[in-house]
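This report concerns only the one structure given below.
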Amino acid sequence: MIAWVPVAVPALVGLITLMLGETRGRARNAVNLLGAIGSSAVVVSLVRSAYAGDTFTSRIPMLPGLTFGVSTDLLGLLFSAVATVLWGVTLVYAIGYMDHARDRARFFGFFAWCISAANGVALAEDPISLFIFYEVLSLTTYPLVVHNGTPEALAAGRKYLFYALGGGAALLVGVAWLASIAGPTPFTPGGALGAVAGRNNELRAIFALMVAGFGVKAALMPLHGWLPGAMVAPAPVSSLLHAVAVVKAGVFGIIRLVNELYGPELATSLGVATPLALLAAATILISSVIALRQDDLKRRLAYSTIAQLSYITLGTALCSPLAAAGAVAHLAHHAVMKITMFFTAGSVYETLHVKKVSQMPGVARRMPLTMISFAVAAFALAGIPPLAGFASKWLLAAGAAEDGSVWAVLVYVTSGALAIGYMVPVLTSALRPGKHAPAAGPESDPRMLWPIVAVAVLTVVFGLTAGLPGSPTHWAITAIAPSFGGWTP
Amino acid sequence: MTSYLIYVAGGALLYALGTYGLLARRHLIHKVISANLMGSGVFLILIGLGNRAEGGPDPVPQAMVLTGIVVTVALTALGLAIIKRYYSATGLTNLDDEPPAGERP
Amino acid sequence: MLLDHLPALLVAVPLTGAALSFVAGHRRAPHVALVTAAAIVALAVALVARVLDAGPFRYAVGGWTAPLGIDLVADGASALFIVLTAIVGMGVTLYATAYFRTDDETAYGHGLFWTLWLFMWTSLNALFLTGDVFNVYVCLELVGISAVTLVTLSGGAEALRAGARYLYASMLGAMTYLLGVALLYASVGQLDMTILADTLTPDVTAATGLALMIAALVLKTALVPAHFWLPAAHGSAPSPVSAALSSLVVKGSYFVILRLMLYVIPVGYLGGTDVALGVLGSVAIVWGSVQALFQTRIKQLVAYSTVAQVGYLFLVFPLARLGADAFALAVTGVLVHAVSHGLAKAGLFLASGSLMSRFGHDRIDDMRGAARSAPVLTLTVALAGITMMGLPPSGGFGAKWLLVSSALAGGAWWWAAVLVAGGLLAAAYMFRLLAVLLADGDAVLGTPASAPRTEWVPLALAAAAVVLVAAVPLITDLASASNILIRAGVTP
Amino acid sequence: MDTIGSLIPTGMGALRFAVDDIAVPFLALFAFLWLVSGAHAWATTPARERGRLFAYYVPSAIGGVGVAVAADAISFYLCFALMALPAWGLITHTRSAESRRAGAVYLTLTVIGEALLLAALVLMATGGDSLLLSEMRAGAAASPHAALIVALLLGSISLKIGALPFSGILPLSYTYTPAGAASALAGASVKVGALAMIRLLPADAVGADWVSAVMLLGLITAFGAAVMGVLTTTPRAVLGYSSASQMGLVLIAGGVSLGDAGATALAHGAIVAFALHHGLAKSALVLGADVAAHAKGRERTVALCALALPALALVGAPFTSGFVAKYALKDAIHLLHGPVPEAVYALLPLTAIGTAALMLRLFVLIRRETVGDPLPARPPVAPWALVLAATAIATWVWPAEWNRHAIESVVSPDSLWTATWPALVAIAGWQAMRLIPAVVRRLDGVVVPGDVLVGLTALLGRFDDHPRSTQVAATPTSARVERLRTVLTATEGRLLAWTTASTILVLLAVVLVTLALS
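Going down the list, the protein sequences come from chains D, Z, F and S. Residue numbering for the first sequence follows my numbering, starting at 120 and increasing by one per position. Residue numbering for the second sequence follows my numbering, starting at 432 and increasing by one per position. Residue numbering for the third sequence follows my numbering, starting at 13 and increasing by one per position. Residue numbering for the fourth sequence follows my numbering, starting at 387 and increasing by one per position.
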């Protein structure tokens, strides 16, 4: 039953938060923080067990011939750990950010539920359980997207639902179809579809349906339309959900799909991996170019997220062990980098009411520590060593090269250059002298400042320790190795 | 040519007339009467068909017709009561005109 | 042993309650109703246990057995519908204690609700238990009479108008059904469903009779295009009544269609009727959803949602001819759907009623900001929405999964597409409502006509529809214990 | 799984640095220049701006020194980036609009160059299954992507050293940069391109036509940049184009190094020689120009005289560092046969004419220049003097194969004449130009620093300063949806009318009966 803890604890926290109501703020904060710390501790201990070879699995019978189960394998725990630990960090930030906001009970309650669902996606042991958590995640995110209740927020929410539920429908058909021809198919490194290997056309159609389903959250073009709009949500939502939990659920689904449902070999021999890779490559380039043109900081970051998510998709679709490992590592690395940036964007907006790049002159002098953190994350994102983004990008590019996909290497390096192109103007604009004078006191609410610094430090640490046991890179390689027949680099 | 066919044919005719009335007549009481006509038609058919069997009349259709009459009477009474209320609330005797707005539950 | 008489008790207890509540006066009537409801719940649970334990059984009323007497038949499916009726009925009763709390004795229909409601409950239980096609007619009319009266309970012009339409539709249906029974009897000479199932032979008269019966039942179930009476009736009735009508009454006539089509009538006996019903069901899903999307009044939206959801119930008929696997999955799926929709729709109607009495109006667009002042009701709408969209984890998802699996197992992907599209359309109209409730705005709420305490009732019902997914194994067992699957010799 | 394979960067522990034969001269050069230039920058920067300047200078210096000793791909790329990216802050230090535009261009090209480098490194690493630069370079020749690798490397190097058509990057990055920092950029930073040629460009990996093409590109750069430099109007711009011109010569050596192994060794010698010679001389010129511009009277004359030393060195006058370096280059080219190498060999002395013209232009401009911004103190002389001294002796005393060979054979009447006549030709030409003052005036300032790249700034400006707003308004319910709603509602209204509805119902019954009987 321990396997359910990462799902159950945030769910419980969400329930208690909603029941506490709007007025009991202190109790709400305590419950949330305790929940985050507690579930982080459990996840860490699960990781230690998983490294030692102990994975826990738990199933509940649900529909005829159908169980609902979770399993604490290393791959799932990576995503789960990222979501859970960053939930704690984001909570501190959100408590500061939402200090004077309304409807906080609703906000924190659904926030916790989102994390619960994301953990479920991470740990789900088969496609059906994953689908269920995936849909729950879609639903629990909606109140957060429309949290402000403004017409723009409602429009964004409508768009989000349109995409999310449409994707969910595609996924449902794919999953149900698979179940009808193959029965239960728990994720197995290297592929779980040996029994139905001959039914190629059906398998191709199912793959396409499932990619369409996951592609929505993974913001794979042309399914990305909801993400920039969803940026109307409060900053903590953009930070944790639209940079980490929700969007990563999509790419994580693709990782599971390629590596542990179809398996790299079958995916390659069916010829479904290459179109996916091409789609991801196009997404990377197009969205990077679009990001160059965005004046709204959060929209710029959103398009950057779209590109970075497709890094992961591309890495997975290449079906080369190094690239697959890089993709998994990038899942963690991009999380800390992008959350830093979104935190910063939110903090700058909340402190100075600046939300456009062109309004940023003077911000660097007014909020130096915040902008330094942003710079660290921005350079990491662009793949400058020794920061986190470089390590995963190296693996991705090396994997592509090893696979002989030189075009993918070029896509990666080009997008790295474009990343500098859309990140540096933010920095240069902030560095310019402007109307914001240096602050006399602290540069912003400390509850917002220190989480930013913390995640920026993580960005550096992940880069510096890349490859050492326990680092996301090492973890990713260990988790992905079984999918390639016990490959060791 | 057996006699039951006459009943069946008459019943069918009544049923068809009633159906037409229920569909086409606007006045609410006309519709109730039409429904009763339909009922009578069905009862005639039942009686007629019940007489068809060899070895004397079948008692089951008779029982059905009796029950059916009771039900139809109840429906008719309810219908008339509602029509009366409806007329006093709106002054209308048909369903096609919109009732005056403003009254909502 | 009292429990041997369970089927009779399930009819007798509410009938006694109805009589008692009439003489008890409007102050004590709610208590009578609550006690009766509690008793029915207990009896329903006992029936489920008995059916699961010993399988289907027949009960000869008064000791007279068929063909002379009228047998009651309790199988898994009827037990399921009875327990659904018991749970929803309990909720409606609880909610109504606050809703009909008025001392104005001059009010139209004052104090009549309890008697009519328990009477309707009686007829529904009888309908679910009866094994005789003529008895079905009687029960349907009893349900119809009490339902029409309940619809007109508020005495408003609109309610009366809706009631009159409902009544005429009822009459048309009743006479058509009776004509069908007459033709069937003329051909076969039998009325008991089991005997009919055993003796039915190809015959024009019998087929015509059965087709007429099904046409009449389709009207009573409000399948598009025969849905014309439903939105007005369900939309203008008092909220507890709307809940009962939408979640239970349409299921009554549907239950009869289910039994006729899948138990009595052999496959192919009625030609392409089953496919035609499936097509109409698909049309209903689309048409009802689109209409719901464009409604401006909350109860109209919910009523059209019923029109759409009823469509799903009819997809079982084409799916059932796709082989044994598809048959079992489809029947189980449709049973899960009936239950989850019953619970969710009751919760949704009751919540709408509370929202209307809080706001003092029923215009959706003027309900902005309700999430802040009425979080429980908003949550109810959300939970009910989830199950109606068929999103996991909810009973609606269980149903959709089973039906989709059935379609795929039978190789008929187009029905799966209909199911999936229906879920998306449901999402469209439900989120239109939810978005307004979640929008920023400070709703000026009117005096609550219902005490907030009873606002937990719809939440409980909607939540039950969601957690129903955990009860799917139980429903599967009940489906296996239904005469339909036993006769077909398949298990899900 | 505690050991991670050779291709995976294992934390900071994976960074390998080594001081080998190639590293020593570059390490010495870079460390010396970054230190000395830093001293100059420190002294000439107002105290309140020092923090801002050195926040960029120090990381850049660390990267600049580290790159010399980097022994594996990761540390090389890391140091390369660490050196190049913060230089943006040096270029835009004055915060003027022009400097910002220059910074944007610099950054864009640098980033593109790094992307190319990274792609090349990745391909080389996976080809040879190693992250060590020496093994990667050796393995690249066998890689199936050898041509692509060389192309990527050449692209990256060209951007770094300002080969045509990117020559403008150098004048752009020096023009607005404070003198000390400009000295480091001109002396050290650009030489990383030379280092990359030695460390990365694989020998014998591509055909002879590649060698020829690269040599031609180098030669064209050497001439073209000189012409453009002469037509600009600030000393820094002239120095920038002069760097590009000189690096064109290095590129010729780079081209030679692509050939067989024998030529490669000689070419590497030439590259090292050029790096040392040009790094020191150019730094001395940048610092000296600053000193001279802020000096008055006799001091100014003395400064200008001292400045002649590095200028002459660049021209390759006898007994200067350029004299040795050019000899080493010629030595390397001489090994190759074929029309292109022979043509390049023949035309090489002519490049000195361009350089000489550039130097003349430089002196004219320095003399013309009035004292610019007020400085807290006059530029210190000591750092400049140190660089001057190093310029004078470095190539002669450096203990290495190439200079021993050059020193032994360089001093011959023939070579002395070869080194001298281009300068004389240039001076003669210069004097001749005085006869047509109208033409000279018209040509003065025809080229602005950055030449073709200036167009890029306009493009970048669109992304930087005021990007087009892409705010999307919440879409109102469109008229089409409204129409649909009307139609559907009306249809439903008709369906609900009693007569229609009940008729449909009767029809339905008929249909069902028909179906049942069919």
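Every residue gets a Cβ at the ideal spot worked out from N, C-alpha and C, and that includes glycine. In this text, all values refer to a predicted model and were calculated from it rather than measured experimentally.
Comparing C-alpha distances from Ala456/S to each of Ala409/S, Tyr443/S, Pro696/S and Tyr492/S shows the shortest one belongs to Ala409/S. The stretch 319 to 334 of chain F makes no contact with the stretch 388 to 397 of chain F: fewer than 3 CB pairs, one atom from each, lie closer than 8 Å. The way I'd put it, the stretch 195 to 208 of chain D does touch the stretch 159 to 179 of chain D; three or more beta-carbon pairs between them come closer than 8 Å. In chain order, Val104, Ala358, Phe361 and Leu362 place their CB closer than 6 Å to the CB of Ala255/F, counting only its own chain and leaving out the 5 sequence neighbours on each side.
For Thr503/F, there is no enclosing beta strand (DSSP E), as DSSP gives it neither H nor E. Chain-order list of chain F residues neighbouring Leu453/Z: Tyr180, Met183 and Leu184, by C-beta distance under 8 Å.
For chain S, the residues of the stretch 237 to 248 of chain F that bring a beta carbon within less than 7 Å of one of its beta carbons are Pro237, Ala238 and Phe240, in chain order.
Per the coordinates, the alpha-carbon of Leu256/D lies some 51 Å from the alpha-carbon of Ala404/S. Contacts between Thr533/D and chain S, judged by CB atoms closer than 7 Å, involve Ala501 in chain order. Interface residue (Cβ-Cβ distance to chain Z less than 9 Å): Thr900/S is not classified as such. Assignment of Gly157/D by DSSP, reduced to helix, strand and coil, places it in the helix class.
The DSSP-derived three-state label of Ser423/S is helix. Residues of chain D whose Cβ lies closer than 7 Å to the Cβ of Ala467/S are, in chain order, Ile503 and Pro504. Residue-level contact check: Thr191/D does not touch chain S, since none of the beta carbons of chain S fall below 9 Å from its beta carbon.
Given a length threshold of 3 residues, the stretch 381 to 464 of chain D has no whole run of the beta strand (DSSP E) inside it. Taking the Cα positions, Leu673/S is about 28 Å away from Ile638/S. The beta carbon of Pro488/Z does not come within 9 Å of any beta carbon belonging to chain F, so the residue lies off that interface. Interface flag for Glu467/F against chain Z is unset, since no Cβ pair is found closer than 9 Å. As the crow flies, the alpha-carbon of Phe461/D is around 56 Å from that of Val726/S. Look at Val892/S: its C-beta is under 9 Å from a C-beta on chain Z.
Looking at the backbone, the Cα of Ala36/F and that of Val44/F are separated by about 8 Å.
Against chain F, the beta carbon of Glu878/S has neighbours under 7 Å at Gln303, listed in chain order. Residue nearest to Ala337/D within the set Leu398/D, Ile458/D and Tyr541/D is Leu398/D (criterion: CA-CA distance). Within the stretch 149 to 164 of chain F, Tyr149, Val150, Glu153, Leu154, Gly156, Ile157, Val160, Thr161 and Thr164 place their CB atoms closer than 9 Å to a CB of chain Z, listed in sequence order. In the displayed model, Arg225/D falls within a helix according to three-state DSSP. Proximity of chain F to Glu254/D at the Cβ level (cut-off 7 Å) is accounted for by Leu403 and Pro404, in chain order. DSSP, reduced to helix, strand and coil, places Gly188/D within a strand of the structure shown. Per DSSP, Ala364/D is not a residue of any alpha helix (DSSP H), being assigned neither H nor E. In this structure, DSSP gives Ile179/D an extended state, which the three-state scheme calls strand.
Close partners of Thr450/Z in chain S (Cβ separation under 7 Å): Val892. The beta-carbon of Ala572/S is placed no less than 9 Å from the nearest beta-carbon of chain F.
Note that the C-beta distance between Leu152/F and Lys232/F is below 9 Å.
Cβ-Cβ distances below 8 Å link Val25/F to Thr48, Ala51, Ile52 and Leu55 in the same chain, with the five nearest sequence neighbours on each side left out; the list follows chain order. Closest option to Gln632/S, judged by alpha-carbon separation, among Ser643/S, His531/S and Gly708/S: Gly708/S. Taking 9 Å as the CB threshold, Leu526/Z lines the interface with chain S.
For Asp564/D, no chain F residue has a Cβ inside 7 Å of its Cβ, as the nearest lies near 24 Å away.
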